[in-house]
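S.K.:
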Amino acid sequence: MSGNDIMSEEKFYFQSEAAELLKLMISSVYSNRDIFLRELISNASDALDKRRIECLKDSELAENTKPEILITSDSEKKILSVSDNGIGMSKDDLIAYLGTIAKSGTKEFLKAVKNENAENELIGQFGVGFYSVFMVADKVEVLTRKLGSAETYKFVSDGNGSYTIEDAEQRPECGTTVTLYLRHDDKPEDGFKDYSSEWIIREIIEKYSDFISWPVVFKDKIVNSQKAIWQRPDSEVTEEEYKEFYKHLTHDWRDPLTHIKINAEGSTNFKGLLFIPSEAPYDMFMNPESGGINLYINRVFIMNDCKELIPEYLRFIRGVIDSEDLPLNISREILQDEPVTRVIKRSTQRKILVELKKLLSSDREKYIKFWSSFGKILKEGIIKDTEHAKNILEISLFRTTHNDEWTTLAEYESRMKPEQEGVYCLTGSDNLSALKASPKLEAFSEKNLEVLLMTDPVDEWILAQASFVLPEDSKKLLNIARDEVTPYTEDEKKDNEEKLKALDSEFESLKKKALEVLGDKLENVKPSMTLTSSPACIRVPSGGMSIQVECTLRAMGQNVPPQKRILELNANHLIVKKLLEMSKMNDAKVSDVLKTLYDQSMILEGVAPDNPADFVKRIDDLMTLALVK
Ligand code: ADP
-10 MSGNDIMSEE KFYFQSEAAE LLKLMISSVY SNRDIFLREL ISNASDALDK
40 RRIECLKDSE LAENTKPEIL ITSDSEKKIL SVSDNGIGMS KDDLIAYLGT
90 IAKSGTKEFL KAVKNENAEN ELIGQFGVGF YSVFMVADKV EVLTRKLGSA
140 ETYKFVSDGN GSYTIEDAEQ RPECGTTVTL YLRHDDKPED GFKDYSSEWI
190 IREIIEKYSD FISWPVVFKD KIVNSQKAIW QRPDSEVTEE EYKEFYKHLT
240 HDWRDPLTHI KINAEGSTNF KGLLFIPSEA PYDMFMNPES GGINLYINRV
290 FIMNDCKELI PEYLRFIRGV IDSEDLPLNI SREILQDEPV TRVIKRSTQR
340 KILVELKKLL SSDREKYIKF WSSFGKILKE GIIKDTEHAK NILEISLFRT
390 THNDEWTTLA EYESRMKPEQ EGVYCLTGSD NLSALKASPK LEAFSEKNLE
440 VLLMTDPVDE WILAQASFVL PEDSKKLLNI ARDEVTPYTE DEKKDNEEKL
490 KALDSEFESL KKKALEVLGD KLENVKPSMT LTSSPACIRV PSGGMSIQVE
540 CTLRAMGQNV PPQKRILELN ANHLIVKKLL EMSKMNDAKV SDVLKTLYDQ
590 SMILEGVAPD NPADFVKRID DLMTLALVK
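All letters in the sequence shown, in the order written, are residues -10 to 618 by my numbering.
Right, dumping it as C-alpha cells:
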C-alpha cells in the first residue's frame, strides 16, 4: 500500500448505552422529530464558537473563510446536510463524542425509560443531541477535519450498533458536514415530514434557530436573523423564542420554568438572560458542571459555565450574561480578579433572589415546582452567603405538621402561639413520613403546636447556623430533637422538674443498669416529660452534635469521636413500667430490653443498629416469649 492510499474503513461498536439509546431513537414515536435539525445547527454553532476561541488564542490557526453554517438538501435523493467550518473533530473525538455518551445521566435515563415505559416523554426531557438524527435518517455520514490538522475522516453509521471511520479526501478547510439519508417510507401521521423539502427546512430554522449568532445559509441566503435575544427588548421577544433559545443554550429538551431578564446600566453595564430549568437534569446532583452561565462580551461568546459570575448555591440557573465592560481576550484567571466580575455577580444574585420572591407571591404552584427541584441547592446559600441568608430563608419552603402543604417561615410565624419561644423544627430522617411519625412530635401535637419537618441534610446545618446568620430580631429556629427544647411554659417546666425528682429513686437502678449496658453510647437515661405514646426516644444533649450531622461527617470520611446521647423513657408506658419493676429485681432480661429500646429509637432516627444480627435475635427472643405465653 502506498502512503497516499486511503485507509480502509475501520469498524467500531457503539458503547452499549449509546447503542441502546440509538435503538430507542430508531423505534421512537416521539412526535416532535423536527428538533433533530435544531440539534445539528446547535452543534455546528458550538463548533464555530470553539473555533473562534481557539483562533483567538493562536492566531496561526485562523483560516480565511467566513464562519457559517450551510444547509443543503436534495429532495429527489432525500438527502439533507448541515455543514460548518467550526472546530471539527479528530478520529479520537469522533469515537469519544459520537461513539460514546459521556453524559452521566444516561444510565438513569435508560433505567427510567425501562421502568416507566415512557420513552416519548423522557426523550423530550433528556437531550439526546446528535443521536436524534436517527429519528429521521436511516444512515448518517459525518465528514470532519479538525482545526489545525490535515486529516479528514468519514464516520458512517446506520445506527444499528456499529459505525465505521475511514480516512477521506481532505476537506478544503476545518469543520464538519453531517449528511442525513432520510427515511422516506414512513407515514406523516407518525410525525414524519419530508425533511428534504425546502419550506419545511426553512420553517424549522426560523422556528428553532433564528437567534443562532452565526449565519445559517440555505439556498445561498442567510435564513436566520442572528439577533442576540438578550439584547432585544422584552416586549419584542415571544415566549416561544425564549424557550427555543433556552433549549439551544442548555441542550435541555424541556421548556424552562421561567426566565429572568437583567438590564444593568450605570457604572457597570451588562445584560443577562437567565433561566430556571423546569426540573433538575438527571445529573444535576451528581455533576455540578451541568449548570452554568455563558459569558458574552459585546455579543461575542467568550466562555461557558462561568462559575465566577454566579454563586454556587445558584448553580441550577442557566443563561447568558453579556457585558461591555470586560476585555475580549479575558481568561478565566483574569476574570476571577476583575472587579467588574464581582459587581455582575452581586447584582445577578440579588436580581435572582428578588425574582424568586416575586414568583413565590405571584405563582405559588410554579414556585413549588421550582422549590421541589432546586430548593435543596438554594438553601445552601443560607449557610454560605451570610449577606443574603435572611432573604433566602424568607423564600424557603418547609414541610410542616400543620397540613400536607409547603409553608414559608412567615406563614408559620403567623400561626405561632403567643407563648412559643421560637419556630419548632424537627430534623431527622430524609423520609417525610418517617419524620411525621417521630415520637418527638408527641408532646407538640398534644399541645397543638406546629413543627416544621426538615428532611434535607442541609437543614441540619441551617439550624446549627441560623442564630449566627440571621438578624437578632428574627424568630429563633429551635430543633426539638435537642434535650433543651420542649413545648412547655416556665410553670410547666417547674412542674416537670418536680415530677422528675419524684421519679428519681424509681429510675435509679434502671439508670444504673442502662449506663452499664450502653455507657459508650449514652450520657444519661431519664424519664421523659414529652413522650405520650412511645416508650422511648433519643435526644441530643445541649451543645451536642446531632445524629444526622454525625452521620454526614462520618459518610464524608471524617473521624468523629463517639457521641453520647440521652435515652428518654416514658414512665407511663407499659414496657417501661415493667422494666422498672424488673430492674429492681435484677432481672437478666433488663439489659436486652434496654438495648432493644435503644436500637429502636436509633432506627427511628434513621440509623441502623450497630449489630443487626444481635438486634434481630433479641426481637426473636422477645416474640417467642410473647407468643408462647
Ligand atoms: P451535546 O451537543 O449535547 O454535547 P451531541 O450528541 O449533540 O451532544 O454531540 C456530542 C459531541 O459531539 C458534542 O459535544 C461535540 O463535542 C461533538 N460534535 C457534534 N457535532 C459537532 C460539530 N458539528 N462539530 C464539532 N463537534 C461536534
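We treat Cβ as the ideally placed atom computed from N, Cα and C, and that holds for glycine.
1. Helix, strand or coil, according to DSSP, for H237 in the structure here?
2. Confirm the yes/no value for this check: CB of A33, any heavy atom of the ligand ADP, distance under 6 Å.
3. Are the stretch 582 to 589 and the stretch 415 to 427 touching, with three or more C-beta to C-beta distances below 8 Å?
4. At which residues does the beta strand (DSSP E) containing R554 begin and terminate?
5. What does DSSP give as the partner residues of F144 in its beta bridges?
6. Could you compute how far the alpha carbon of N559 sits from the alpha carbon of A432?
7. Just how far apart, CA to CA, sit G118 and N318?
8. Quick one: which unbroken beta strand (DSSP E) runs of 3-plus residues sit fully inside the stretch 373 to 431? Chain order, please.
9. Would E449 and Q552 qualify as a contact pair, given that the criterion is a beta-carbon distance under 7 Å?
10. So, at 6 Å on beta carbons, what are the nonlocal neighbours of Y231 in its own chain, with the 5 sequence-adjacent residues on each side left out?
11. Taking the Cβ atom as the reference point for each residue, do K464 and V412 lie within a distance shorter than 7 Å?
12. Residues in its own chain within less than 7 Å of E406 by CB, not counting five upstream and five downstream?
13. CA-CA distance, A577 and E495?
14. Less than 6 Å between C-beta atoms, sequence neighbours within five positions excluded: which residues of the same chain meet that for S523?
15. Based on Cα-Cα distance, which residue from G255, H240, F207 and E461 lies nearest to S121?
16. Quick one: using the 10 Å Cβ neighbour count with 16 as the cut-off for buried, is Q547 buried or exposed?
17. Below 7 Å between beta carbons: does that hold for T257 and V309?
18. For A157, collect the residues of the same chain with a Cβ closer than 8 Å to its Cβ; drop the 5 residues on either side in sequence, then sort them by chain order.
19. Taking buried to mean at least 16 other C-beta atoms within 10 Å of its own C-beta, is Q159 buried or exposed?
20. Which full runs of the alpha helix (DSSP H) of 4+ residues lie inside the stretch 311 to 384, going along the chain?
21. Give a single yes or no on whether Y86 has its beta carbon closer than 6 Å to a heavy atom of the ligand ADP.
22. Taking only the alpha-carbon atoms, compute the straight-line gap between D609 and A503 and give it to the nearest angstrom.
23. List the DSSP bridge partners of D73.
24. Is the stretch 78 to 93 touching the stretch 42 to 54 in the sense that three or more CB pairs, one from each, lie closer than 8 Å?
25. What residue ranges within the stretch 192 to 270 form continuous beta strand (DSSP E) runs of no fewer than 3 residues, ordered along the chain?
26. For I211, tell me which candidate among F200, Q220, W219 and R221 has the shortest Cα-Cα distance.
27. If you draw a straight line from the C-alpha of A423 to the C-alpha of E594, how long is it?
28. Quick one: Cα of T478 to Cα of E408, how far?
29. Does DSSP put R622 in a helix, a strand or coil?
30. Can you look up F290 in the DSSP assignment and give me helix, strand or coil?
31. CB-CB under 6 Å to L645, same chain, minus the five flanking residues each way: which ones, in chain order?
32. R41 to G370, Cα distance in whole Å?
M.R.: The answer reads as follows:
1. Counting from one through the sequence shown, the residue named residue 237 turns up at place 248. It is helical.
2. Position 44 of the sequence shown holds residue 33. Checking every heavy atom of the ligand ADP against the Cβ of A33, one is found closer than 6 Å.
3. no
4. In the sequence shown, residue 554 corresponds to position 565, counting from 1. Segment R554 to L558, the beta strand (DSSP E) holding R554.
5. Sequence index remark: in the sequence shown, residue 144 carries index 155 (1-based). According to DSSP, F144 bridges with V131 and I154.
6. Numbered from 1 along the sequence shown, position 570 holds the residue referred to as residue 559. Numbered from 1 along the sequence shown, position 443 holds the residue referred to as residue 432. Approximately 12 Å between the Cα atoms of the pair.
7. Taking the sequence shown and counting its residues from 1, the one referred to as residue 118 is at position 129. Taking the sequence shown and counting its residues from 1, the one referred to as residue 318 is at position 329. Cα to Cα, G118 sits roughly 30 Å from N318.
8. Counting whole runs of 3 or more residues, the stretch 373 to 431 contains the beta strand (DSSP E) stretches 387 to 389 and 412 to 416.
9. The residue labelled residue 449 in the question sits at position 460 within the sequence shown. The residue labelled residue 552 in the question sits at position 563 within the sequence shown. Q552 sits away from E449, with the two beta carbons spaced by 7 Å or more.
10. Position 242 of the sequence shown, counted from the start, is the residue given in the question as residue 231. Within the same chain, and ignoring the five residues on either side of Y231 in sequence, the residues whose Cβ sits closer than 6 Å to its Cβ are H248.
11. Looking up residue 464 in the sequence shown gives position 475. Looking up residue 412 in the sequence shown gives position 423. Yes. Within cutoff.
12. On the sequence shown, position 417 is the one that residue 406 refers to. Looking at the sequence shown, residue 406 is not Glu but Lys. Same-chain partners within the cutoff: L438.
13. As a first step, residue 577 is located in the sequence shown; it is residue number 588 there, counting from the start. As a first step, residue 495 is located in the sequence shown; it is residue number 506 there, counting from the start. Cα to Cα, A577 sits roughly 18 Å from E495.
14. Against the sequence shown, residue 523 aligns to sequence position 534. Close CB contacts of S523 within its chain, under the 6 Å cut and outside five residues either way in sequence, are with P428 (chain order).
15. Indexing the sequence shown from 1 puts residue 121 at position 132. Minimum Cα distance to S121 is reached at H240.
16. As a position in the sequence shown, residue 547 is number 558, starting the count at 1. Counting Cβ neighbours within 10 Å, Q547 comes out exposed, since fewer than 16 surround it.
17. One-based indexing of the sequence shown puts residue 257 at position 268. One-based indexing of the sequence shown puts residue 309 at position 320. No; because the gap between Cβ atoms is not below 7 Å, this pair is not in contact.
18. One-based indexing of the sequence shown puts residue 157 at position 168. Once the five neighbours on either side are set aside, the close Cβ partners of A157 are I(-5), L132, T141, Y142 and K143.
19. Stepping through the sequence shown from its first residue, residue 159 is reached at position 170. Under this definition Q159 is an exposed residue.
20. Correct list: 321 to 326, 328 to 351, 353 to 367, 369 to 373 and 378 to 383.
21. Mapped onto the sequence shown, residue 86 falls at position 97. Correct: Y86 has its Cβ closer than 6 Å to the ligand ADP.
22. The sequence position of residue 609 within the sequence shown is 620, counting from 1. The sequence position of residue 503 within the sequence shown is 514, counting from 1. C-alpha separation (whole angstroms): 21 Å.
23. Within the sequence shown, the letter at position 84 stands for residue 73. For D73, which the question treats as bridged, DSSP gives the partners I58 and T165.
24. Contact between the stretch 42 to 54 and the stretch 78 to 93 is absent, because fewer than three Cβ pairs lie under 8 Å.
25. 205 to 207, 245 to 253 and 259 to 266
26. Position 222 of the sequence shown, counting from 1, holds the residue named residue 211. In terms of CA proximity to I211, F200 leads the group F200, Q220, W219 and R221.
27. Residue numbering aside, residue 423 sits at position 434 when the sequence shown is read from its first letter. Residue numbering aside, residue 594 sits at position 605 when the sequence shown is read from its first letter. When rounded, the distance between both Cα atoms is 9 Å.
28. Taking the sequence shown and counting its residues from 1, the one referred to as residue 478 is at position 489. Taking the sequence shown and counting its residues from 1, the one referred to as residue 408 is at position 419. Roughly 7 Å separates the two Cα atoms.
29. Here the chain comprises residues numbered -10 to 618, so residue 622 is not present and cannot be evaluated.
30. On the sequence shown, residue 290 is found 301 positions in, with the first residue counted as 1. Strand, per DSSP.
31. Residue 645 lies beyond the range of the chain shown here (-10 to 618); nothing can be said about it.
32. Within the sequence shown, numbered from 1, the residue matching residue 41 stands at position 52. Within the sequence shown, numbered from 1, the residue matching residue 370 stands at position 381. If I take the Cα positions, the gap works out to 36 Å.
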